[in-house]
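Numbered per numbering that gives the first Met the number 0, the sequence shown spans residues 0 to 169.
Every residue gets a Cβ at the ideal spot worked out from N, C-alpha and C, and that includes glycine.
These numbers were taken from a predicted model, which means no experiment stands behind them.
Working notes, structure below.
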Amino acid sequence: MANKGSTKTLLAVGGWNHGNERFTQMLDTGDAGIRKWAQNSIAFCKKHGFDGLDIDWEYPAKTTVDTSPQEDYYRFQRMMEITREEVDKHPGFLLTVAVGISDDKIYFQDGNNPSYDVVHLTQHVDMVNLMSYDVHGHWEDKTGHQMPAHIKRDDDRLGMTFKLPVNFAQ
Numbered sequence: 000m001a002n003k004g005s006t007k008t009l010l011a012v013g014g015w016n017h018g019n020e021r022f023t024q025m026l027d028t029g030d031a032g033i034r035k036w037a038q039n040s041i042a043f044c045k046k047h048g049f050d051g052l053d054i055d056w057e058y059p060a061k062t063t064v065d066t067s068p069q070e071d072y073y074r075f076q077r078m079m080e081i082t083r084e085e086v087d088k089h090p091g092f093l094l095t096v097a098v099g100i101s102d103d104k105i106y107f108q109d110g111n112n113p114s115y116d117v118v119h120l121t122q123h124v125d126m127v128n129l130m131s132y133d134v135h136g137h138w139e140d141k142t143g144h145q146m147p148a149h150i151k152r153d154d155d156r157l158g159m160t161f162k163l164p165v166n167f168a169q
């Protein structure tokens with residue numbers, strides 16, 4: 000384990016190309032299977048000198064590379080609870096998550112579950128990494144700043160609008 004204040008290295012599990020299917024299959028094994036997955040992931044990290052585990056599931060309860068069923072919204076929450084329990088057995092070991100920031104990932108819409116329960120998730124991880132790089136990308140015909148230096152009230156090029164709280168600029 001690295002010293003406090005030093006650089007931390009984490010093993011990221013998932014990513015866009017990983018898809019949903021393997022996460023969903025692991026969740027199908029129930030609590031015992033999830034616990035075994037968490038234990039194996041932590042053991043691998045520790046064996047190879049990682050300081051923590053980063054979960055990068057893009058995206059529970061959504062269709063991306065493949066489809067994650069709607070119940071994965073709730074099953075992902077259970078996965079994070081169990082993984083946190085296992086991480087807590089290893090003082091100083093980190094559990095983080097990378098998440099999408101579009102509305103459909105955090106709000107119920109049109110009868111569909113989001114990917115993340117924000118409050119629940121933040122109670123079970125040490126840090127949340129926001130994938131702000133997905134605000135703009137190759138699918139657009141214009142470039143866009145991921146984190147502009149100045150407030151832009153609306154950005155509807157992706158068919159959605161991101162609005163900052165009114166008092167943010169004050």
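Residue i - DSSP class collapsed to helix/strand/coil
i      : result
Ala97  : strand
Asn128 : strand
Asp55  : strand
Trp121 : In the sequence under discussion, the amino acid at residue 121 is Thr, which differs from the Trp named in the question. Here Thr121 sits in helix by DSSP.
Gly13  : strand
Gln38  : helix
Thr23  : helix
Thr66  : strand
Given residue i as reference, the closest of the options once Cα atoms are compared
i      : options                      : result
His119 : Lys46, Met78, Ser67          : Met78
Asp133 : Tyr58, Asp50, Phe49, Phe22   : Tyr58
Thr121 : His137, Val96, Thr63, Val86  : Val96
Ile105 : Gly18, Met130, Asp125, Ser40 : Met130
Tyr72  : Lys88, Lys61, Thr82, His47   : Lys61
Ile16  : Gln108, Arg74, Thr66         : The residue asked about is misnamed: residue 16 is Asn in this sequence, not Ile. For the residues Gln108, Arg74, Thr66, the minimum Cα distance to Asn16 belongs to Thr66.
Gly110 : Lys45, Val98, Gln69          : Gln69
C-alpha distance - residue i paired with residue j, whole-angstrom precision
i      : j      : result
Met25  : Gly4   : 34 Å
Ser128 : Ile100 : A small fix is needed here, since residue 128 is Asn in this sequence, not Ser. Roughly 10 Å separates the two Cα atoms.
Tyr115 : Lys35  : 23 Å
Ile33  : Gln76  : 11 Å
Leu10  : His123 : 17 Å
Thr63  : Lys7   : 30 Å
Pro90  : Gly14  : 26 Å
Met126 : Asp27  : 26 Å
Asp53  : Val12  : 6 Å
Phe167 : Ala31  : Since pLDDT at Phe167 reaches only 38, below the 50 mark, its modelled position is unreliable, and no value is offered.
Pro164 : Ala42  : Residue confidence is low: Pro164 scores 45 on pLDDT, short of 50, so the model does not pin down where it sits. Its coordinate-derived value is still stated next. Cα to Cα, Pro164 sits roughly 42 Å from Ala42.
Gly55  : Phe49  : In the sequence as presented, Gly is not what sits at residue 55; that position holds Asp. Each residue's alpha carbon lies about 16 Å from the other.
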